[in-house]
Amino acid sequence: MKKNLKSLSLFLVSLIMLTLVGCSNNKTSNNSSNSATITPPTNQEYYDYLTERYDHYFKDNLLNTTYDIYVDDFTYDNSYDEFITAYNGSYDELKADLEAFKKDLQDNVVKGNAEVDKFNQEVITATDKAIISVDDYNGSFSEKAKDYATLSKDEVVKGLKSIGLDVHNAKLDLDNLIDTAKSRLGV
């Protein structure tokens, strides 16, 4: 009886293992056939994706709206500490958005269309430049702005314009690249 029970158990375990292995093989082959059918985006599809992602991350960015110190007659209403805390927080938000935007472009744009691949790499490079400039800003801000609390609002804004100029220019370069995408991609 024990011998029959062992044999039956061994047979059932083998049957279950074969079933599981068989199921996983079918699933694997389906995945590989699906990935083989993925095609690179057309210029129009890439342009649509690029502008949608860009708008998603940067359309309402605080450095473009509330804290755009590069507009004429910018001033702030709160105390210096409140303003600087919120203003610097917007740089942290910008960096997170830049990194997420770059990751989207790296992970979701299928390679294979030479024009799209080249332009996508340009956008990623411009995004990297902006990320580096934000890191430089964040790394040097406290040293460069240590005496700003004693300055007038106008002097603070003038100083911030100087400190943040590299970030501003890198972001403008990225903005311009996105703005010219339609004509450069021929859509």
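Mature numbering (1 follows the signal peptide of the UniProt record, and there is no 0) puts the sequence shown at residues -22 to -1, 1 to 165.
Beta carbons are placed, not taken as given, at the ideal position from N, Cα and C, and that holds for glycine.
This one's a predicted model, so the numbers in the text were calculated from it and none came from an experiment.
Residue i CB to nearest heavy atom of the ligand SAM below 8 Å
i	result
Asp82	This structure lacks the ligand SAM; in fact it carries no ligand of any kind.
Coil, strand or helix - residue i by DSSP
i	result
Ala74	helix
Gly90	coil
Asn154	helix
Ile16	coil
Ala148	helix
Tyr54	coil
Ala108	helix
Asp85	helix
C-alpha gap between residue i and residue j, whole angstroms
i	j	result
His34	Asp75	9 Å
Leu41	Pro19	32 Å
Leu72	Asp125	25 Å
Glu121	Thr43	26 Å
Tyr58	Lys80	33 Å
Gly117	Ser140	15 Å
Tyr24	Val94	7 Å
Thr53	Ser161	37 Å
Thr65	Glu77	The sequence shown places Tyr at residue 65, rather than the Thr named in the question. Rounded to whole angstroms, Tyr65 to Glu77 spans 19 Å at the Cα level.
Ser38	Tyr32	The residue you asked about is not Ser; residue 38 is Asp in the sequence shown. Cα to Cα, Asp38 sits roughly 11 Å from Tyr32.
Gln84	Ala123	35 Å
Gly67	Glu60	11 Å
Asp55	Glu133	15 Å
His146	Ala127	22 Å
Beta carbon of residue i nearer than 9 Å to that of residue j
i	j	result
Leu163	Asn21	yes
Asp151	Lys107	yes
Asn86	Tyr27	yes
Ile102	Ala148	no
Val112	Tyr69	yes
Gly142	Tyr115	yes
Ile156	Val88	no
Residue i classed as buried or exposed, judged by whether at least 16 other C-beta atoms fall within 10 angstroms
i	result
Ala104	buried
Val135	buried
Gly159	Note that residue 159 is Ala in the sequence shown, not Gly. Buried, by the Cβ-count rule.
residue 179	One cannot answer for residue 179 here, as it falls past the ends of the chain, which runs -22 to 165.
Asn3	Because Asn3 carries a pLDDT of 44, less than 50, the predicted location of this residue cannot be relied on, and the following value inherits that uncertainty. Exposed, because fewer than 16 other Cβ atoms sit within 10 Å of the Cβ of Asn3.
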